[in-house]
Ligand SMILES: Nc1ncnc2c1ncn2[C@@H]1O[C@H](COP(=O)(O)OP(=O)(O)OP(=O)(O)O)[C@@H](O)[C@H]1O
Ligand SMILES: Nc1ncnc2c1ncn2[C@@H]1O[C@H](COP(=O)(O)OP(=O)(O)OP(=O)(O)O)[C@@H](O)[C@H]1O
Ligand SMILES: [Mg+2]
Ligand SMILES: [Mg+2]
């Protein structure tokens, strides 16, 4: 038997990484403060470096691949989308045509003007993404429960996250089931769509059935008994320095607000 | 010590025409090991659902008669409280795994966490149970990435680790290899020694014959036969109720037909061996 | 014509090696049982035969064709697989819809559909459940639904993964008859089972698996009277064989009539 693994339950869970081992609530607080600071700044000179920092933190926690696959896609979508919106109404004035896609003319200015918006959206969502890729849901729920959120509430949140995973698993299951009856599900997008769409209904019904099953399964584990629960897996409470770190993040946010408001206030005074 | 009294219990699942339980009257006494056998669809699982309170708390339908668990009517029980007293191993092991725990060890520990057992005790208990079920090599595995039999072991371990006063066990060995099946029966036997009331649904009649005190044969929602193991399993009539007979009992009957009768119809291997040996000796003299 | 596995290994995405260099041939018209310990790799191995699992090394050859570049769907047309867990297979809302799914998908004629469905339903003995939602059926009946849903596609080979789990006497009889009938109709049947009585009563060739490999392949007598195989595969003699052994009878007895005759 893996005694190292068993012993890990006897103390606070430690991944041996500074960021990962922060209390989930500290992480949450810091991430929120940073996310809002991008909202306040709305400046690519702030947002882009922040995104780079996010990537760096992800890399240092060993979650770079997970983070970047999602974040990379997000970047691509947001950049294209915002540029697209921005270039509407760009036809007149002093503009530099760039390329033409299917007759749509894209202008250099639309890229430049979009950057502030892009960097704010990416900075904001990137920070939250970093939080969720580096914090297991159950750790977050554990931290909430420690703060007095009820076991039921935290379970429902956990289970709803789980439902997304389950749904994905169920769709794989149905595809495998089709394959094993000779129905082609791999190949080009048309083949896949043809196999997939008829299964959407069953998928949802299966999800409902499995939710019911899960409720019964949880009940069998004495889930709803009115007693104080034990936590096999415990996380360290936030330390003093963590609290200071979290506070610093909020001071930072306050700083950005002051920075933004400062010229405005000066103007008012003048 | 759990006592269960059923008086004229009748039950129908919602949206169905036929009754799944028909006028059942029976008392399960504390500290005994009951084997429930009978044909598919006979109502065995439904009976388990009722005693565990899933009927009427989860499955609505139409319930008549009285089902009294430890002096309290099943309708009045708080399901959470009941779950701390009666462990229930499901017929379908694939649905018993919660799916919210990333390792087998945590999966098995979950019930104990909910019961508020101190952490050290949880670790001890889980380690013990995992050893008993020979899944100690799997404790760090993801419960969703196991073979069918391994999952059934985890499901069983998850419930017996909770150490409830009473256990309802619905076909715990359907996916197990023969050695695993024997392990499970041995475990149940040791549980019985700690004075638990045990209801076991099982098709593996040869195992039932070795281990159970009392047998209940269900057919079409009713109890067709009930009584001490020996009385019921040697009786060829249970085959007509769709139940199987132990292989050695069939052998006993075949010997009779062949004009080489044994003194008693055996139901366990050791009895059969003894009977045949005795017959040989008698023939020598 | 055969299913042939040559020196194949399989590794799960999490890195676990579940099969190491296994080789086996199942010939046309045979009926074969696979037995062996939990986690030995039985399910993993048969899923390799119908392409749900692609070997990480080695080959799977069906009727002389290497399946390396074939899709699961193509392979499955000749090798049908009934999942161990019926919930992994069922996704329609009535038993009838589940069984008709394949022939309807391929737009067979109504007559053909009816013929195939009737054949499958009769073999599986589930006539009276056609209108019911499979989720409301007990586990063993659900298993028969999944079997019918594979029979309906008329594959040349059918692999049943633990069909005996949870079956009563009647269910086992249906299975037994079904296998006879399938064989008569030219289908090769491969069954994984933990029911030793069922294995010896219905199969002439038994494959025993243990720790990621096949450890024995032979007649019931060769498997069940070999103590080393029994111990390694964590299987047991059928109880009649056990009795014969306790009585120190020779002749590798496994069946009741043999035993009665011997005494
Ligand atoms: N959830 C359900 N909804 C509707 N009907 C059900 C449900 N579960 C069981 N039934 C029906 O109730 C009857 C009794 O089923 P039950 O599952 O109790 O039988 P069983 O004796 O446990 O059989 P098995 O040996 O197959 O497990 C069957 O006719 C079955 O179809
Ligand atoms: N999805 C998976 N990911 C990783 N490992 C797996 C997965 N499924 C099964 N395994 C492992 O592979 C091994 C073989 O599993 P397999 O399901 O083939 O066993 P089996 O012989 O069919 O057993 P059983 O009789 O219990 O069904 C087991 O040790 C199991 O833990
Ligand atoms: Mg049942
Ligand atoms: Mg298997």
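Residue numbers (this note's numbering), protein chains in the order written: chain A, 207 to 476; chain B, -13 to 271; chain C, 11 to 273. Here a beta-carbon is modelled for each residue, glycine too, at the ideal position from N, C-alpha and C.
With 16 or more other Cβ atoms from the protein chains shown falling within 10 Å of its own Cβ, residue 47 of chain C counts as buried. Using a Cβ-Cβ cut-off of 8 angstroms, residue 410 of chain A does not count as an interface residue toward chain B, since no Cβ of chain B sits closer than that to its own.
The beta-carbon of residue 12 of chain B is placed no less than 8 angstroms from the nearest beta-carbon of chain A. Going by DSSP, residue 51 of chain B is part of the beta strand (DSSP E) stretching over 48 to 55. Residues of the segment 370 to 390 of chain A that bring their beta carbon within less than 9 angstroms of a beta carbon in chain C comprise 376, 379, 380, 382, 383, 384, 385, 386, 387, 388, 389, 390, in sequence order.
By a beta-carbon distance limit of 8 angstroms, residue 224 of chain C contacts residue 34 of chain C. Their separation comes to about 6 angstroms. By alpha-carbon distance to residue 369 of chain A, the top candidate from A/335, A/348, A/398, A/418 is A/418.
Here residue 96 of chain C is near residue 156 of chain C, since their CB atoms are less than 8 angstroms apart. Using a Cβ-Cβ cut-off of 9 angstroms, residue 113 of chain B is close to 207, 212 of chain A, given in chain order.
Of the candidates C/243, C/139, C/238, the residue whose Cα lies closest to the Cα of residue 220 of chain C is C/243. For residue 201 of chain C, the enclosing beta strand (DSSP E) has its first and last residue at 198 to 202.
At least 8 angstroms separates the CB of residue 426 of chain A from every CB of chain C. Apart from sequence neighbours up to five positions away, the residues of its chain that approach residue 34 of chain B with a beta-carbon distance below 6 angstroms are 154, 156, ordered along the chain.
When only Cα atoms are considered, residue 45 of chain B and residue -2 of chain B end up about 10 angstroms apart. Not a single heavy atom of ligand 2 lies less than 7 angstroms from the C-beta of residue 222 of chain A. Under the DSSP definition of a beta bridge, residue 164 of chain C lacks any partner.
Here residue 250 of chain C is actually not in contact with residue 273 of chain C; their C-beta atoms are around 12 angstroms apart, not less than 8 angstroms.
Using a Cβ distance threshold of 8 angstroms, residue 364 of chain A and residue 83 of chain B do not count as a contacting pair. The CB of residue 49 of chain C comes closer than 7 angstroms to the CB of 133, 135, 136 in chain B, given here in chain order. Closest option to residue 257 of chain B, judged by alpha-carbon separation, among B/245, B/243, B/237, B/269: B/237.
For residue 23 of chain B, the beta-bridge partners assigned by DSSP are B/203. Nearest neighbour of residue 75 of chain C by Cα position, chosen from C/63, C/90, C/59, turns out to be C/59. Residue side-chain check: residue 197 of chain B keeps its Cβ at 7 angstroms or more from all non-hydrogen atoms of ligand 1. Annotation for residue 56 of chain C: 169 place their beta carbon closer than 6 angstroms to its own, counting only its chain and skipping 5 residues before and after. DSSP places residue 92 of chain C in the uninterrupted beta strand (DSSP E) bounded by 89 to 92. Residue 114 of chain C has its alpha-carbon roughly 34 angstroms from the corresponding atom of residue 204 of chain C. For residue 345 of chain A, none of the residues of chain C pass the 7 angstroms Cβ criterion, the least Cβ distance being about 22 angstroms. Straight-line measurement puts the Cα of residue 202 of chain C at about 37 angstroms from the Cα of residue 210 of chain A. Per DSSP, residue 264 of chain B is one residue of the alpha helix (DSSP H) stretching across 255 to 270.
Look at residue 152 of chain B here: in three-state DSSP terms it is strand.
Note that the C-beta distance between residue 207 of chain B and residue 166 of chain B is not below 8 angstroms.
For residue 434 of chain A, the Cβ stays outside the 7 angstroms cut-off from all heavy atoms of ligand 1. Identification of residues in the segment 433 to 449 of chain A having a C-beta nearer than 9 angstroms to some C-beta of chain B yields 433, 434, 435, 436, 437, 438, 439, 440, given in sequence order. When C-beta distances to chain C are compared with 8 angstroms, every residue of the segment 347 to 368 of chain A stays at or above that value.
Using a cutoff of 7 angstroms, the CB of residue 94 of chain C counts as near ligand 4, since one of the ligand's heavy atoms is closer than that. The DSSP-derived three-state label of residue 376 of chain A is helix.
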